[in-house]
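**Student:**
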Amino acid sequence: MRNKMTPQYLYKILPVENWKKSRGMDSAKLTDADQDFIHFAREDQLDRIVGKYWDKVPEYVILKIDIAKLPGKLIFEANPGGENKYYHLYGGSIPLEAVIESKIIKK
Numbered sequence: 001m002r003n004k005m006t007p008q009y010l011y012k013i014l015p016v017e018n019w020k021k022s023r024g025m026d027s028a029k030l031t032d033a034d035q036d037f038i039h040f041a042r043e044d045q046l047d048r049i050v051g052k053y054w055d056k057v058p059e060y061v062i063l064k065i066d067i068a069k070l071p072g073k074l075i076f077e078a079n080p081g082g083e084n085k086y087y088h089l090y091g092g093s094i095p096l097e098a099v100i101e102s103k104i105i106k107k
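Residue numbering for the sequence shown follows the numbering used here, beginning at 1 and increasing consecutively.
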């Protein structure tokens, strides 16, 4: 799944409530935005994503994910109607064993 251009780790931002609901499950509880595919970011994309989607959210969690442990097909592509490219996981999930680190952000 990983080639030399793909980073070893990707990042996923979730509401803290979803992360708490993931405890005791096999995989992370995702949001409705991840119905068609799971959105991921490289580390250098996090500030942009936080500023655009999470800036007004008082509490969220950033998950550091080992992509070698992700089931499904990982594709680097632009969002529909967008120009910036992100990693999207099709037909997969985020197993808790793939989560290397979690960091809760409180404002």
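Ideal Cβ positions, reconstructed from N, Cα and C, are used throughout, including at glycine.
(1) Residue 59: which of 103, 46 and 25 sits nearest, CA to CA?
(2) For the beta strand (DSSP E) that residue 99 lies in, which residues bound it at each end?
(3) Please work out which residues of its chain come closer than 8 Å, Cβ to Cβ, to residue 16, disregarding the five sequence neighbours upstream and downstream, and give them in chain order.
(4) Please determine, among 63, 64 and 86, the residue with the shortest C-alpha to C-alpha distance to residue 74.
(5) Could I get the ranges of all uninterrupted alpha helix (DSSP H) runs contained in the segment 20-77, with 4 residues as the minimum, in chain order?
(6) What does the Cβ neighbour count give for residue 90, buried or exposed, with the cut at 16 atoms within 10 Å?
(7) Go through its chain and collect everything with a Cβ distance to residue 93's Cβ below 6 Å, but skip five positions before and after it.
(8) Out of curiosity, what's the CA-to-CA distance linking residue 18 and residue 32?
(9) Look up residue 13 in the DSSP assignment and give the residues it is bridged to.
**Tutor:** Reading from the atomic positions:
(1) 103
(2) 99-106
(3) Excluding residues within five positions, the ones whose Cβ falls inside 8 Å are 59, 60, 61 and 104.
(4) 86
(5) 46-49
(6) Residue burial is scored here from C-beta neighbours: residue 90 has fewer than 16 other C-beta atoms within 10 angstroms and is therefore classed as exposed.
(7) 27
(8) 11 Å
(9) 62
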